[in-house]
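J.: Sharing a structure with you now.
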Amino acid sequence: MIIEKYLQQALEAAAAQASPLSRRSFVTMSVGGVVGLAFMPFASEEVLAQQAPTVPPGQKPTEQPAAFVSIAKDGTTTVLCNRMDMGQGIETALAMICAEDLEADWSKVKTGFGDQRGNYVDPRMGMHLTGGSNSVKNSYMQYRELGARTKAMLIAAAAKQWNVAPASLKAENGVVSGSGKSAGYGDLFDAAMKEPIPEKVALKDAKDFKIIGKPTGLKVSRDKSTGQQSYGVDVKLPGMLTALIAHPPTFGAKYKSFDASAAEKIKGVRAVLPVDLDRGAKGIAVVADGFWPAKMGRDALKVEWDTSAVEKPDSAKLLAQFKELAKSGGNPAPGEQFRADVSKLAGAINKLSAEFVFPYLNHAQMEPLACTVDLKADRCELHFASQMPGVDAGAVAKATGLAPDKVNIKVLMGGGGFGRRAVPTSEYVLDSVAVAKAMAAAGKRAPVKVMWSREDDVRAGYYRPMAVHRAEIGFDAQGNVLGWDHRIVSQSIV
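Laid out in structure tokens, this is it:
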């Protein structure tokens, strides 16, 4: 949809640049303030609807019950979350919403995650994204209708088997009953998924809610509190190796030379390989049997870095430029709700000027980054906590030369994110794929988990952009605001 196309255009434009973005160009592009992803929550439903293909209700990928709900023979019901849970509890929240109108037995409900397919895009924004606190707001009706459609299909399957009218049956607590018969959801599910998906469904009255708004507890609380919850750093695949990357000290820099002799002597080290990294950089990956030998091997590397071709920004000078720009004109934020008449500001008897500076800041999510890549000749499967699996899968397809449908992302629970796992350039994902490609080229093809230590992310990871806010506010003697001029100078987060 519109935002996904916008992101794609932005990424293609960035990739087309033959040289690193100059500081002057960076500042010029920054005048517009925080745009793109920051304004996604405000995109109007009318604009988004205009971008969506016209299909009957119930037939959109985001409305397909079989993509979200599965029911085992014993009645265990799994509801897939169309986003990444990083501690905010949405995998339980969305399962609750679906289970309410599904009339599922909550004690038998399990949760899981979707992948990069179109079924799991945000239904309002039209792209895969966990961010902006939009999960429940944008998917509340979606998951209620998914539950109601699944229930209607279960009833239709039972009615067909029993040769009775669907209206004579009811569903409650994971059981369809009526006309003197009953059957559990697990016994009906396979047949139900062959029934037509209803266009319209009746939703429960809020006064009849049994799950929504009731204290339930997170489905993953026990696993998290007992250390059983699996995250990206915990992935284990048969034959898997672990890699750490020696990143250059500056974005875009390259190694001039390196000596791997000491690293190769570390027990458990399988390979030391040059790899192409984000922004045209070149680093060295140490591949080993586990994290510790990979770390020891990397520590033993002797690397001489070449930073001569990359710019070395000065934070103090950048801040001075940002502050100066905050006093000048910029690009108006899109949308009428952001525009105001500030003509009365000049004549206000009382004025307040305020400036706020936000520095570059590490996201410091509790779980450091980890991405496991199983690259085969004809397909690629990745296991990691992705906030934007659709964007990440597209980037992987382009990097590997594989067709998009040959790339699959297993979205995992994330130990925090705060945007670090939602990088439009898919930076750490492509770095991981680069390691897998280097291993394959060296005849050492195997699943590889590329890990970042806390130190790695602080030294070589993407930070939250620096921003300067400047507000000039005029108000009268009674304290009524007459005009408010608010300017933001920041790097675009796309």
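Residue numbers (the numbering used here): 1206 to 1699. Glycine residues also receive a C-beta, built at the ideal position from the N, C-alpha and C atoms.
Give the secondary structure of N1339 by DSSP, where H, G and I count as helix, E and B as strand, and everything else as coil.
T.: coil
J.: Under three-state DSSP, which class holds T1700?
T.: Residue 1700 falls outside the range modelled here, since the chain spans only 1206 to 1699, and no answer is possible.
J.: Please go through the same chain and pick out, in chain order, the residues whose beta-carbon is closer than 6 Å to the beta-carbon of G1266, but skip the five residues on each side of it.
T.: In the sequence as displayed, the identity of residue 1266 is Pro instead of Gly. Correct list, in chain order: G1323 and N1324.
J.: Do you know whose CA, among A1411, D1690, S1513 and K1507, lies nearest R1675's CA?
T.: It is D1690 whose Cα lies nearest to the Cα of R1675.
J.: Nearest by alpha-carbon distance to K1528: which of M1332, R1692, T1335 and T1316 is it?
T.: For K1528, the closest of M1332, R1692, T1335 and T1316 by C-alpha to C-alpha distance is R1692.
J.: Which runs of the beta strand (DSSP E), 3 residues or longer, sit entirely within the stretch 1256-1315?
T.: 1274-1276 and 1282-1286
J.: Spatial neighbours of I1402 within its chain, please: C-beta separation below 8 Å, excluding the five flanking residues on both sides.
T.: G1263, Q1264, E1268, Q1269, P1270, R1354 and M1358
J.: Taking only runs that begin and end inside the stretch 1359-1430, name each unbroken alpha helix (DSSP H) of 4 or more residues, in chain order.
T.: Counting only runs of 4 or more, we get 1390-1397 and 1426-1430.
J.: Go through the stretch 1555-1624 residue by residue and report every complete run of the alpha helix (DSSP H) that reaches 4 residues or more, in order.
T.: 1594-1605
J.: I'd like the span of the beta strand (DSSP E) that includes S1533, first residue to last.
T.: From DSSP, S1533 is part of no beta strand (DSSP E); its letter is neither H nor E.
J.: Quick one: what does DSSP say S1520 is sitting in, helix, strand or coil?
T.: helix
J.: Buried or exposed for A1448, going by 16 or more other Cβ atoms inside 10 Å?
T.: buried
J.: Ignore the nearest five residues each way along the sequence and tell me which others in V1655's own chain have a CB closer than 6 Å to its CB.
T.: Excluding five sequence positions before and after V1655, the CB atoms of its chain that fall closer than 6 Å to its own CB belong to A1448, C1576, S1637 and V1640, given in chain order.
J.: Provide the residue span of the beta strand (DSSP E) that contains D1464, from first to last.
T.: K1459 to D1464
J.: Can you check whether the CB of A1486 is closer than 8 Å to the CB of R1475?
T.: no
J.: In whole angstroms, what is the alpha-carbon distance linking P1453 and F1318?
T.: 35 Å
J.: Span of the alpha helix (DSSP H) holding V1491?
T.: For V1491, no alpha helix (DSSP H) run applies; the uninterrupted beta strand (DSSP E) run containing it begins and ends at K1487 to A1493, by DSSP.
J.: Measuring CB to CB, does L1617 end up less than 8 Å from S1435?
T.: yes
J.: Report all residues from its chain with a CB closer than 7 Å to the CB of A1645; omit the five preceding and five following residues, and keep chain order.
T.: L1580
J.: At the level of alpha carbons, what is the spacing between C1585 and H1333?
T.: Cα to Cα, C1585 sits roughly 19 Å from H1333.
J.: Have a look at G1488 and A1531 and give me their C-alpha separation to the nearest angstrom.
T.: 37 Å
J.: Should A1682 go down as buried or exposed, given a rule of 16 or more other Cβ atoms within 10 Å for buried?
T.: exposed
J.: Out of curiosity, what's the CA-to-CA distance linking G1688 and D1290?
T.: 40 Å
J.: How long is the line joining the alpha carbons of E1251 and R1503, rounded to whole angstroms?
T.: The pLDDT assigned to E1251 is 37, lower than 50, so where the model puts this residue is not dependable; a value taken from the coordinates is nonetheless given after this. In this structure, the alpha-carbon of E1251 lies about 53 Å from that of R1503.
J.: Would you tell me roughly how many angstroms separate the C-alpha atoms of A1538 and K1615, rounded to the nearest one?
T.: Roughly 36 Å separates the two Cα atoms.
J.: Output needed for I1360: all residues of its chain with C-beta closer than 7 Å, excluding positions within five of it in sequence on either side, in chain order.
T.: P1371, L1374, A1376 and V1381
J.: Measuring CA to CA, which of A1298, V1284, Q1293 and D1306 is closest to K1313?
T.: V1284
J.: What separation, rounded to the nearest whole angstrom, lies between the Cα atoms of G1422 and D1310?
T.: 15 Å
J.: If you reduce the DSSP assignment to three classes, tell me which class S1695 lands in.
T.: strand
J.: Measuring CA to CA, which of G1352, G1684 and T1316 is closest to D1428?
T.: The option with the nearest alpha carbon to D1428 is T1316.
J.: Using a Cβ-Cβ cut-off of 6 Å (strictly less than) and excluding sequence neighbours within five positions of K1649, which residues of its own chain qualify?
T.: Correct list, in chain order: A1476.
J.: Report buried or exposed for W1497, applying the criterion of at least 16 other Cβ atoms within 10 angstroms of its Cβ.
T.: Burial is judged here by how many other beta carbons sit within 10 angstroms of a residue's own beta carbon; W1497 has fewer than 16 and is exposed.
J.: Give a yes or no on whether the C-beta atoms belonging to F1414 and A1553 are separated by under 8 Å.
T.: no
J.: Specify the secondary structure class of W1497 as computed by DSSP and reduced to three states.
T.: helix
J.: Which value, in whole angstroms, describes the spacing of the CA atoms of Q1526 and N1536?
T.: 17 Å
J.: Please go through the same chain and pick out, in chain order, the residues whose beta-carbon is closer than 6 Å to the beta-carbon of L1557, but skip the five residues on each side of it.
T.: I1678
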